[in-house]
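First up is the structure itself, then whatever we jot down about it.
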Amino acid sequence: MIKKVLVANRGEIAVRVIRSCKEMGIKTVAVYSDADRTSQHVLFADEAYHIGPSPSLESYLNIDKIIQVAKESGADAVHPGYGFLSENTKFSDRCQAEGIKFIGPSAYSIANMGDKITARKTMIAAGVPVVPGTVDMVHSEEEALQIIEQIGLPVMIKASAGGGGKGMRLIKRAEDVTSGLRAARSEAKASFNDDSVYIEKYIESPHHIEFQILADSHGNAIHLFERECSVQRRHQKIIEETPSPILTHEKRMEMGEHAVAAAKAVFYEGAGTIEFIVDNNLNYYFLEMNTRLQVEHPITEMVVGVDLVKEQINIANGLPLTLKQDELKQVGHAIECRVYAEDPDSNFMPAPGKVTHIETPGGLGVRVDGYIYEGFTIPMYYDPLIAKLVVWGSTREESINRTLRALNEFKVTGVKNNVKFLERIALAEDFVKGNYNTHFIEDNFDFLMNYKEHVQEEDDLVMIAAFVEYLDRIGELKPQFQPATSQHSWKKLKRARSYTGARF
Ligand code: ADP
């Protein structure tokens, strides 16, 4: 049985994994780069080891160093979190060779699903529907045009090794095929050192719906229902919810069965996610499998009442699943908002830096998975996630209202962030009605960008509060100060007081 886990990751996911280990009585080992010396995951773990300079290639992706620390610290297992080495077959092979358990699937499953062309072939063989398109990689423009003739425009050219929305090109006109192929290839080469691409039909106004699965080493596999991930910017998720507002019970169960079949087809062990793209008529197609824990896994935990990290550890220990498919239920509704240090005004460009003030929300049904505290500098080297705000409500309506309440309590200063933008999403009529697809952000752009007005007022309030506190401190805040202000600024002053909690 696993007694000590090295968490080969950083930030919120490292903290989240450490928490479950603590509850299971398992010792934890953190690793950190220069930029993360004071990161919360370092402070939370039982032991922490410095593994190198800030760039991930020299630290969180340094397999030799991480294995060395695992041996030095006596860790008998490694949890890779998401990103970094979580889907790296060299790393999982190496762990196995060194006698360290890799908390995740076998290198065989990772390799089979990591390459999208291979995954599509495996899914076709397993009877899981895939997006119409090429079975093999596309070599030339002629080949591309041939397949386009069969499936029709528009199409997506996609990198076989793709991930994070990279190496993907939408082609609407035949004359754009050459440039699209070139662009997708060179981006794929630069990002994944592999320029193989394939073509699939572009599904208009689709939903991105994924299924959480768990599979043990005894051949048991179950699904824990879906997550609706259609609120995306730059093909990247930003708000997720479960249950999906568009699925019927029958469709959900049918997709769940296909998700389980997909996992079984690669002899999967551990927690994984089958992503489907779903059209307006609820036709669904396998998109890809993520062979690791997902960023958005907490919403599943909230409605199904399961700790997925504990399940992962039990599976790695060789225990059979105790959860039974027909006993699982979705109770209530959960929403996750990804709070990022990013600038919605500049195409959501990362905006790392020092957090001068942070207040996270609390109360019934609110969970914040974060790692940042006041004074911490969000490094420029990694994903600029500040925290995941995860909210549970007994109904979808309650969980939207609770999300709005919690976002209103969420205060971050020092770095540009998307809190107000997220608030606008939760207020948008299409979101509230559950009437949205992956084009939601572009379709509602004007409404969503209107958050600026609100930010401006909050900036004013913070300034007023700071000024009045300053007057108070230097003894210049006279009793006659208040009546002397105009009715308008007096109102603003009162709002500044309640907004900032200042003492005047
Ligand atoms: P990645 O692995 O880079 O995240 P995915 O294949 O998971 O790429 O696709 C990411 C997103 O791109 C999807 O959620 C969807 O919004 C969009 N997308 C991908 N393939 C298609 C398609 N065939 N038709 C329409 N949209 C697509």
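Numbering (the numbering used here), first residue to last: 1227 to 1730.
We treat Cβ as the ideally placed atom computed from N, Cα and C, and that holds for glycine.
For residue i, the three-state DSSP class (helix, strand or coil)
i: His1484; result: helix
i: Pro1709; result: The predicted model places Pro1709 with a pLDDT of 44, which falls under 50 and marks its position as unreliable, so this point remains unresolved.
i: Asp1402; result: helix
i: Arg1459; result: strand
i: Ser1246; result: helix
i: Gly1237; result: helix
i: Ala1654; result: coil
i: Glu1702; result: coil
i: Phe1451; result: strand
i: Asn1516; result: strand
i: Glu1430; result: coil
i: Met1227; result: coil
i: His1305; result: strand
i: Tyr1696; result: helix
i: Leu1371; result: helix
i: Phe1732; result: Only positions 1227 to 1730 of the chain appear in the structure, and residue 1732 is not among them; the question remains open.
i: Tyr1608; result: coil
i: Asp1319; result: helix
i: Ile1329; result: coil
i: Arg1263; result: coil
i: Val1557; result: coil
i: Val1364; result: coil
i: Val1295; result: helix
i: Val1529; result: helix
i: Arg1721; result: helix
i: Glu1284; result: helix
i: Asp1341; result: coil
i: Thr1621; result: coil
i: Thr1348; result: helix
i: Ser1470; result: coil
i: Lys1678; result: helix
i: Lys1642; result: coil
Residues sharing a beta bridge with residue i, DSSP
i: Lys1490; result: Paired residues: none, contrary to the question.
i: Lys1637; result: Glu1585
i: Cys1563; result: Ile1465, Leu1615
i: Val1357; result: In the DSSP output, where bridge partners are listed per residue, Val1357 has none listed.
i: Gln1438; result: Thr1499
i: His1276; result: Tyr1258
i: Thr1629; result: Answer by DSSP bridge pairing: none, since Thr1629 is not bridged.
i: Leu1396; result: Met1382
i: Glu1568; result: Pro1576
i: Tyr1510; result: Val1504
i: Thr1603; result: Lys1580
i: Gly1596; result: Ala1613
i: Ile1425; result: Ile1383
i: Lys1253; result: Lys1230
Sequence-distant residues of the same chain with beta carbon closer than 6 Å to residue i, five excluded per side
i: Cys1563; result: Ile1465, Leu1615, Leu1648
i: Phe1270; result: Val1241, Ile1244
i: Ile1429; result: Ile1503, Asp1505
i: Val1457; result: Ile1464, Ile1465, Phe1666
i: Lys1173; result: In the structure as shown, the chain starts at 1227 and stops at 1730, and residue 1173 therefore has no counterpart that could be examined.
i: Val1341; result: It is worth fixing the name first, because residue 1341 is Asp in this sequence and not Val. Result list for Asp1341: Ser1386, in chain order.
i: Glu1684; result: none
i: Ile1435; result: Glu1452, Glu1454, Ser1470, Phe1502, Val1504
i: Met1606; result: Pro1578
i: Ser1405; result: none
Proximal residues to residue i (C-beta, below 8 Å), its chain only, five neighbours per side dropped
i: Gly1391; result: Arg1460, His1461, Gln1462
i: Gly1531; result: Val1557
i: Ala1337; result: Thr1315, Thr1344
Neighbourhood of residue i by C-beta, 7 Å cutoff - its chain only, sequence neighbours within 5 removed
i: His1665; result: Ser1431
i: Tyr1308; result: Ile1239, Arg1518, Leu1519, Gln1520, Val1521
i: Tyr1597; result: Gly1237, Glu1238, Val1241, Ser1265, Gln1266, His1267
i: Asn1670; result: Ala1654, Asp1656
i: Glu1284; result: Gly1278
i: Pro1709; result: The predicted position of Pro1709 is uncertain, since its pLDDT is 44 and thus under 50; a value taken from the coordinates is nonetheless stated next. The answer is none, since no qualifying residue turns up.
i: Gly1668; result: Note that residue 1668 is Glu in the sequence shown, not Gly. For Glu1668, where only same-chain residues beyond five positions count, there are no Cβ hits under 7 Å.
i: His1276; result: Tyr1258
i: Lys1316; result: Ile1289
i: Leu1371; result: Ala1400, Val1403
Query raised in the report: On the three-pair Cβ rule with 8 Å, is the region 1227-1236 touching the region 1244-1256?
Result: Counting Cβ pairs under 8 Å, three or more are found: they touch.
**Report entry** Cβ contact check for the region 1595-1609 and the region 1569-1585: 3 or more pairs under 8 Å
**Finding:** Yes, the region 1595-1609 touches the region 1569-1585.
Query raised in the report: Taking contact to mean at least 3 C-beta pairs separated by less than 8 Å, is the region 1496-1508 in contact with the region 1425-1443?
Result: Verdict: yes, contact present.
Requested in this report: Mind the definition here: the region 1624-1637 touches the region 1547-1564 only if three or more C-beta pairs lie below 8 Å; say whether that holds.
Outcome: yes
**Report entry** Touch test, the region 1321-1333 against the region 1527-1542, Cβ-Cβ under 8 Å, three pairs minimum
**Finding:** yes
Query raised in the report: Should the region 1348-1368 be regarded as contacting the region 1471-1487, the criterion being three or more beta carbon pairs within less than 8 Å?
Result: yes
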